[in-house]
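*Asks:* Here the sequence shown is numbered in our numbering, starting from 307 and rising by one per residue.
Backbone N, C-alpha and C define an ideal beta-carbon position, used for all residues, glycine too.
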Amino acid sequence: MTERIVVTGAAGFIGSHLCERLIAAGHEVVGFDNFDPFYPRAVKEANLAALRRGARFRFVEGNVARDPLPLDGAAAIIHLAARPGVRPSLEDPAGYCDANVTGTARVFDQARRAGIGRVVFGSSSSVYGTGTPAPFAEDAVAASPISPYAATKRAGELLAHVFAHLYGTRIACLRFFTVYGPRQRPDLAIHRMTALARRGEPVRMFGDGSSERDYTYITDCVDGIVAALAWTAAGGGESRAFNIGGGARVRLDRLIALIGRTLGRPLTLEHHADQPGDVPLTAADLRRSGAELGYRPTVGIDEGLRRFVAWYEEAHGRQS
Ligand SMILES: NC(=O)c1ccc[n+]([C@@H]2O[C@H](COP(=O)([O-])OP(=O)(O)OC[C@H]3O[C@@H](n4cnc5c(N)ncnc54)[C@H](O)[C@@H]3O)[C@@H](O)[C@H]2O)c1
């Protein structure tokens with residue numbers, strides 16, 4: 307069945323890939339984004355370029371914390387708009403609350419006023435903080451975030467519970483684990499390190515290299531969002547958290563070595579202390595998302611990095 311879906315954060319990394327997938331599946335998509343200056347508007351415009359050429363995509367510029375969403379005729383909302391990034395959130399906690407908490411409350415509220423009962427919310431693995439045993443399971447308490455960003459995402463999930471309880475909205479809260487791939491946000495480690503290494507500049511390594519992340523390739527992440535959208539169609543007010551991870555832990559020192567191998571040049575490292583707000587480990591327990599969404603990641607880190615570097619070289623020109 308084809309539907310009209312509103313996607314907030316459509317000009318971003320995950321949002322633009324998602325919109326392309328929804329269009330390819332025959333849906334009509336209304337993208338909404340305010341081109342937040344966290345990274346350049348030109349990059350986000352480039353993310354949207356192919357979408358804007360299609361007849362079933364419409365774009366509206368606006369701020370989720372201020373402006374009305376274009377909800378006419380919409381069957382569901384996928385809410386990905388947010389100020390992202392753990393470390394920068396330490397510098398502007400109130401600004402993160404505005405975009406991520408006020409913005410999310412406004413999205414849920416407008417959905418219910420418009421009679422839209424289906425929402426997918428882009429949450430984060432950072433909600434697990436440091437107190438959760440690995441692998442992180444969705445029924446863990448998740449009450450000890452260690453960055454303002456993580457707290458805003460947990461607040462969004464709590465608001466999802468409120469709206470499911472009061473108004474019967476069905477909300478899937480997807481806890482994304484470090485997503486990477488073509489068009490990845492330039493601030494994220496894989497993209498940043500690739501850019502520096504190709505310029506022959508040293509790469510900063512925070513900590514001793516033993517921190518671990520569960521990396522999710524973008525096509526797997528989009529599979530998870532699409533599966534969650536189908537979950538919201540089942541009816542019945544409920545908010546439910548689902549992990550969307552890659553299913554493997556990769557140590558930072560191994561990631562750095564893999565990037566070097568994929569680029570064909572070892573990275574020069576600059577050693578720095580651990581960053582406040584960063585968790586030492588993320589690891590997704592995928593049993594719930596597997597059983598209830600049919601979610602199964604298929605792209606491992608070696609293949610994912612090859613695809614990322616191939617895209618990077620295409621976008622920035624190959625270097626000898
Ligand atoms: N990429 C990851 O590894 C990752 C991990 C966990 C969670 N997430 C979450 O997934 C979502 C998408 O992340 P991404 O990596 O694609 O980031 P992104 O920055 O590329 O995309 C987010 C988009 O939201 C827009 N936006 C920001 N504030 C807005 C506002 N007030 N109103 C309207 N639009 C606004 C930005 O302009 C941007 O285009 C975010 O909610 C993020 O917190 C991402």
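For F469 and I477, which I take to be in contact (beta-carbon distance under 8 Å), what is that distance rounded to the nearest angstrom?
*Replies:* Reading the sequence shown from its first residue, position 163 is the one you call residue 469. Reading the sequence shown from its first residue, position 171 is the one you call residue 477. With 8 Å as the limit, F469 and I477 qualify as a contact, their Cβ atoms being about 6 Å apart.
*Asks:* Using 8 Å for Cβ pairs, my map puts V426 next to L472. What's the rounded Cβ distance?
*Replies:* Within the sequence shown, numbered from 1, the residue matching residue 426 stands at position 120. Within the sequence shown, numbered from 1, the residue matching residue 472 stands at position 166. About 19 Å separates the two Cβ atoms, so there is no contact after all.
*Asks:* Should L464 be labelled buried (16 or more other beta-carbon atoms within 10 Å of its own) or exposed?
*Replies:* Locating residue 464 in the sequence shown gives position 158, counting from the first residue. Exposed.
*Asks:* Taking 6 Å as the limit between beta carbons, can you name the residues of its chain near L357, skipping five residues before and five after?
*Replies:* As a first step, residue 357 is located in the sequence shown; it is residue number 51 there, counting from the start. Around L357: C325 and F363.
*Asks:* Quick check: the stretch 491-503 against the stretch 553-573, are at least 3 beta-carbon pairs closer than 8 Å?
*Replies:* Taking 8 Å as the limit for Cβ pairs, the verdict is that the stretch 491-503 does touch the stretch 553-573.
*Asks:* Excluding the 5 residues preceding and the 5 following V407 in the sequence, name in chain order all residues of the same chain whose CB lies nearer than 7 Å to its CB.
*Replies:* Counted from its first residue, the sequence shown places residue 407 at position 101. Same-chain partners within the cutoff: T458, A461 and G462.
*Asks:* Does ligand 1 have even one heavy atom less than 8 Å from the beta-carbon of G610?
*Replies:* Taking the first residue of the sequence shown as position 1, residue 610 is located at position 304. G610: no, Cβ never under 8 Å from ligand 1.
*Asks:* Quick test of your reading: I384 and I422, contact by CB under 8 Å. State the CB separation rounded to the nearest angstrom.
*Replies:* One-based indexing of the sequence shown puts residue 384 at position 78. One-based indexing of the sequence shown puts residue 422 at position 116. So it is not a contact: roughly 11 Å between Cβ atoms.
*Asks:* By alpha-carbon positions, which one of G610, D529 and Q416 ends up nearest to L599?
*Replies:* Position 293 of the sequence shown holds residue 599. Answer by Cα proximity: D529.
*Asks:* At which residues does the beta strand (DSSP E) containing A491 begin and terminate?
*Replies:* As a first step, residue 491 must be located in the sequence shown, where it is residue number 185. With the sequence shown as reference, residue 491 is identified as Arg, and Ala is not the correct amino acid for it. First-last for R491: undefined, no H or E at that position.
*Asks:* May I have the straight-line CA-CA distance separating G474 from R510, to the nearest angstrom?
*Replies:* Within the sequence shown, numbered from 1, the residue matching residue 474 stands at position 168. Within the sequence shown, numbered from 1, the residue matching residue 510 stands at position 204. Rounded to the nearest angstrom, the two C-alpha atoms are 47 Å apart.
*Asks:* Would you kindly work out how many angstroms separate the C-alpha atoms of Y601 and S595, rounded to a whole number?
*Replies:* As a position in the sequence shown, residue 601 is number 295, starting the count at 1. As a position in the sequence shown, residue 595 is number 289, starting the count at 1. Cα to Cα, Y601 sits roughly 5 Å from S595.
*Asks:* I'd like the span of the alpha helix (DSSP H) that includes I320, first residue to last.
*Replies:* Residue 320 sits at position 14 when you count from the first residue of the sequence shown. Residues F319 to A330.
*Asks:* I want to check one thing, is the minimum distance from the CB of Q581 to the heavy atoms of ligand 1 below 8 Å?
*Replies:* Indexing the sequence shown from 1 puts residue 581 at position 275. Checking every heavy atom of ligand 1 against the Cβ of Q581, none is found closer than 8 Å.
*Asks:* Note down, in chain order, each residue of its chain lying with its Cβ closer than 7 Å to the Cβ of D526, except the 5 sequence neighbours on either side.
*Replies:* Along the sequence shown, one-based indexing puts residue 526 at 220. Correct list, in chain order: G552, P603, T604 and V605.
*Asks:* Starting from G337, follow the beta strand (DSSP E) in both directions and report where the run begins and ends.
*Replies:* For the purposes of this step, residue 337 is taken as residue 31 along the sequence shown, with counting starting at 1. First-last of the beta strand (DSSP E) with G337: E334 to D339.
*Asks:* Report buried or exposed for V447, applying the criterion of at least 16 other Cβ atoms within 10 angstroms of its Cβ.
*Replies:* By one-based count along the sequence shown, residue 447 stands at place 141. With fewer than 16 other Cβ atoms within 10 Å, it is exposed.
*Asks:* Based on Cα-Cα distance, which residue from G332, Y455, A361 and R489 lies nearest to T308?
*Replies:* Translated into positions along the sequence shown, residue 308 becomes position 2. Among G332, Y455, A361 and R489, the Cα nearest to that of T308 belongs to G332.
*Asks:* Can you tell me whether D584 sits near ligand 1, meaning its C-beta is under 8 Å from at least one heavy atom of the ligand?
*Replies:* Here the question's residue 584 lines up with position 278 in the sequence shown. No, the beta carbon of D584 sits no closer than 8 Å to any heavy atom of ligand 1.
*Asks:* Return yes when the C-beta of S517 is under 8 Å from any heavy atom of ligand 1, and no when it is not.
*Replies:* Along the sequence shown, read from residue 1 onward, the residue named residue 517 stands at position 211. Because no heavy atom of ligand 1 lies under 8 Å away, the Cβ of S517 does not count as near it: no.
*Asks:* Which one of A456, E544, G337 and L558 has the shortest CA to CA distance from M499?
*Replies:* Sequence index remark: in the sequence shown, residue 499 carries index 193 (1-based). For M499, the nearest C-alpha among the options comes from L558.
*Asks:* Let me check you understand the geometry: is the CB of L592 closer than 8 Å to at least one non-hydrogen atom of ligand 1?
*Replies:* Residue 592 sits at position 286 when you count from the first residue of the sequence shown. L592: no, Cβ never under 8 Å from ligand 1.
*Asks:* Return helix, strand or coil for V413, following the three-state DSSP convention.
*Replies:* For this step, residue 413 is matched to residue 107 along the sequence shown. DSSP places V413 in helix when its eight states are reduced to three.
*Asks:* Do three or more CB pairs link the stretch 332-349 to the stretch 364-377 at distances below 8 Å?
*Replies:* Enough Cβ pairs lie closer than 8 Å, so yes.
*Asks:* Considering just the uninterrupted stretch of the alpha helix (DSSP H) at R504, what are its terminal residues?
*Replies:* On the sequence shown, residue 504 is found 198 positions in, with the first residue counted as 1. That run of the alpha helix (DSSP H) goes A495 to R504.
*Asks:* Distance check for R491 and A554, CA to CA, integer angstroms please.
*Replies:* For the purposes of this step, residue 554 is taken as residue 248 along the sequence shown, with counting starting at 1. For the purposes of this step, residue 491 is taken as residue 185 along the sequence shown, with counting starting at 1. Rounded to the nearest angstrom, the two C-alpha atoms are 21 Å apart.
*Asks:* Mark T410 as exposed unless 16 or more other C-beta atoms lie within 10 angstroms of its C-beta, in which case mark it buried.
*Replies:* Looking up residue 410 in the sequence shown gives position 104. It counts as buried.
*Asks:* Straight-line CA distance for G566 to E544?
*Replies:* Position 260 of the sequence shown, counted from the start, is the residue given in the question as residue 566. Position 238 of the sequence shown, counted from the start, is the residue given in the question as residue 544. Approximately 45 Å between the Cα atoms of the pair.
*Asks:* For H497, is the classification buried or exposed, using 16 other Cβ atoms within 10 angstroms of its Cβ as the cut-off for buried?
*Replies:* If you number the sequence shown from 1, residue 497 lands on position 191. Buried is the call here.
*Asks:* For D680, name the three-state secondary structure that DSSP assigns.
*Replies:* Past the boundaries of the shown model lies residue 680; the chain is included only from 307 to 626, so the question cannot be answered.
*Asks:* A533 to L592, Cα distance in whole Å?
*Replies:* As a first step, residue 533 is located in the sequence shown; it is residue number 227 there, counting from the start. As a first step, residue 592 is located in the sequence shown; it is residue number 286 there, counting from the start. Computed Cα separation, rounded: 14 Å.
*Asks:* What first and last residue would you give for the alpha helix (DSSP H) that runs through A536?
*Replies:* Counting from one through the sequence shown, the residue named residue 536 turns up at place 230. Run containing A536: I524 to T538, per the alpha helix (DSSP H) assignment.
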